[in-house]
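Report on the structure given below.
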Amino acid sequence: MASNGVPILAQALQAHLSRKHQARMWEANQEQENEARALQQANQQQQWGRQDQYRQEDMARALEEREMRRAMEQQGMAREDQRWSADKEMQRVRMQQEKELAAARIEADKLGREYEWGKRADIARDAEKGRDTRHKTPRPASPGRSGAGPKQAAPKDPKPGILRAIAERERILSAYRAPTFQEVPNSPETARRRAEAQRLDEEINALKQEYTALTTGMTPDAPEAPPPDQTGDAPPAPPSSGKKRKL
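Be aware that the sequence shown starts at 5, since it is given in my numbering, and climbs by one per residue.
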């Protein structure tokens, strides 16, 4: 019994130590597993937090892009409205200019017709009197002239009508030469405006020449009277350019 007791105790002690070592090893393994699990959970939480951050950044970026796109659309709509308003205003101004030009053209044509009618009436009146004054407006008869017949109205002066016609055409010409909002070069509208401006310029030059001719024809330079003789006799009267008076 005594000889067999030592091995039994040794075996029991060895078994106890083995169980204790196994328990420590199990506890160490459990701690490692717990640490690994905690680390994995921390990594998972960090990854989830990073994903949430990325998702929030993506949402913020998408919201910013949406707001920017909306602002650009609003700016584009505002520019389109502004362009439409500018086109509308330009169309209104162009229509107003066309109306004014048409009215001025009608007025100029009316003044030109009135001038032509007055000129023809003067020519017809002079033809009835036996004088050819198509190139020069006649002077009215001198008052108090013997045998002049009943007093007649003086012929109408055509110079104010010519001046009004020149002023109207110059106003139309300035409107044609005024810059427009969108003048397209080499377009039919631009060519028409240039041709109309050239025609008006030619009419203005012709009217100015006619006015100059009428002015020089109606107001000739009168010759100066010679000084009286020492004997006191009056100088002879200048020869008359009209018809001879009947005695």
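We treat Cβ as the ideally placed atom computed from N, Cα and C, and that holds for glycine.
Original post:
Under a three-way DSSP split, which group does residue 11 fall into?
Top reply: DSSP places residue 11 in helix when its eight states are reduced to three.
**Report entry** For residue 124 and residue 205, the rounded distance between their alpha carbons
**Finding:** 24 Å
Measure how close the beta-carbons of residue 212 and residue 170 come, nearest whole angstrom, since I'm counting them as under 8 Å. Indeed, because the Cβ distance is near 6 Å, the residues count as touching under 8 Å.
**Prompt:** How do the region 168-182 and the region 70-89 stand: do at least 3 beta-carbon pairs fall below 8 Å, yes or no?
**Reply:** no
Q.
Is the beta carbon of residue 215 closer than 7 Å to that of residue 176?
A. no
(message) Taking the straight line between their C-alpha atoms, what separation do you get for residue 52 and residue 65?
(response) 19 Å
Worksheet item: Among 178, 44 and 36, which residue has its Cα nearest to the Cα of residue 198?
Response: 178
Relative to the C-alpha of residue 196, which candidate in 181, 208, 210 and 209 has its C-alpha closest?
181
Classification of residue 58 by the beta-carbon crowding that lies within 10 angstroms, buried from 16 upward: exposed
Determine the direct distance from the alpha carbon of residue 50 to that of residue 90, and round the result to whole angstroms.
58 Å
Query raised in the report: Ordered along the chain, which non-local residues of its own chain (more than five positions away) have a Cβ less than 8 Å from that of residue 112?
Result: 169, 172, 173 and 176
Out of curiosity, what's the CA-to-CA distance linking residue 267 and residue 127? This structure leaves residue 267 out entirely; the chain is present only between 5 and 251.
Can you give the Cα-Cα distance for residue 225 and residue 114, rounded to whole angstroms? In this prediction, residue 225 scores a pLDDT of 45, lower than 50, which makes its location untrustworthy; no coordinate-derived value is stated.
Beta-carbon spacing of residue 163, residue 218 below 7 Å: Yes, the Cβ-Cβ distance between residue 163 and residue 218 is below 7 Å.
Taking the straight line between their C-alpha atoms, what separation do you get for residue 29 and residue 37?
12 Å
| By how many angstroms is the C-alpha of residue 15 removed from the C-alpha of residue 41? | 38 Å
Problem set entry | Distance between residue 202 and residue 117 (C-alpha atoms, nearest Å) | Those two C-alpha atoms are separated by around 21 Å.
| message | Quick check: is the beta carbon of residue 63 nearer than 7 Å to any beta carbon in chain B? | response | Annotation note: the requested chain B is absent from the structure, which comprises a single protein chain.
- Message: By the three-class DSSP mapping on this structure, what secondary structure does residue 164 have?
- Response: helix
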